[in-house]
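One gets my numbering by counting positions in the sequence shown from 1 and adding 14 to each. Below is one structure, written out as structure tokens, with a few remarks after it.
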Amino acid sequence: MKRAMPRRLMRRVRGFNLLEVLIAMLILVVGLLGLAGMQARAQIAELESYQRAQALVLLYDMVDRINNNKLTASCFAITTNTTTGTPYLGTTTGGGYAGTPSCGVSTTQNNAMAVGALTAWDSLLQGSSETKGGAQAGAMVGARGCISYNTSTEYLDATSGASIAGTGEFTVAVSWQGIADTFTPTSTCGANLYGSETKRRTVWVTMRNGLLRAQ
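Set out below in structure tokens:
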């Protein structure tokens, strides 16, 4: 015959079970909070990666434009100051390029192609490739594009010894607003225009047009 458990012992068992439930709930809550934090960091990393991919597309888009306009390459140097990072194309606030790009170093047709290439890049930096709710959303947050030119690296004419315009090194840079703090980029494109320099993201490349004719 099974003996009934004393009432006092039954109360202790029920209390112990309740404690186990509370501990299990605490562990579950802590785990869910950790999962939520990990998901938030993953979303930030995904957005950062997406913006960097967009920036690289825009960066090499301008490299291609300069390569495709060799006769008017000098028109692509918008004289971005390597100390202040201005002027720039794209977002107009904080020292953007004033006015419409101009070019007058070649034929009317070639000059127009160079101006069109710069104007199109400026538009892409402002997000014209995609619209959402009537607003341009095809670029990174606060996208800015800088082009600087180093005249001291120009090729010299073998006969006259004079510099050949447009044959020097171009530095193309694209900056945008990051989400998390990282480090201050070496390139100064858009410097001090994103609240914190550790949130400014910048990718850049140095390129030179090949000289295809004998000098």
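Just so you know, even glycine gets a beta-carbon here, dropped at the ideal spot from N, CA and C. Keep in mind it's a predicted model, so treat the numbers as computed, not measured.
Where the beta strand (DSSP E) containing residue i begins and where it ends
i    : result
N164 : R158 to N164
A187 : E183 to Q191
V129 : That residue, V129, is in no beta strand (DSSP E); its alpha helix (DSSP H) goes T122 to L139.
M154 : First-last for M154: undefined, no H or E at that position.
Cβ neighbours of residue i in the same chain (closer than 7 Å, five flanking residues each side left out)
i    : result
S120 : L85 and T86
G209 : none
L70  : V217
S77  : Sequence inspection shows Val at residue 77; the Ser mentioned does not correspond to that position. The residues are V186, V219 and M221.
S142 : Q150 and G152
E144 : A151 and G152
Sequence-distant residues of its chain with Cβ nearer than 8 Å to residue i (five each side left out)
i    : result
M39  : none
T165 : S177 and G182
L138 : L72, D75, G152 and A153
A112 : P101
M127 : N83 and T86
I193 : I58, L61, E62 and K213
F197 : T212
Whole-Å CB distance - residue i paired with residue j, under 8 Å assumed
i    : j    : result
W190 : G156 : 6 Å
T96  : T202 : 6 Å
G180 : N223 : 6 Å
Per DSSP, cross-strand counterpart(s) of residue i
i    : result
M221 : F184
G104 : R158
L61  : Paired residue(s): none; L61 is not in a bridge.
L46  : Answer by DSSP bridge pairing: none, since L46 is not bridged.
T145 : Q150
L170 : S177
T216 : S189
Cβ shell of residue i (< 6 Å), same chain only, five flanking positions each side left out
i    : result
A228 : With a pLDDT of only 44 at A228, under 50, the local geometry of the prediction cannot be trusted, and no value is derived from it.
T100 : G109
S88  : V119, A179 and G180
T167 : G182 and E183
Residue closest to residue i, alpha-carbon to alpha-carbon, out of the options
i    : options                   : result
I80  : Y163, N206, A194 and T198 : Y163
G130 : T105, N83, Q150 and T94   : N83
P115 : T93, E144 and T98         : T93
F90  : E34, G48, Y64 and C160    : C160
A239 : T107, M52, L49 and G45    : With the chain covering only 15 through 229, there is no way to say anything about residue 239.
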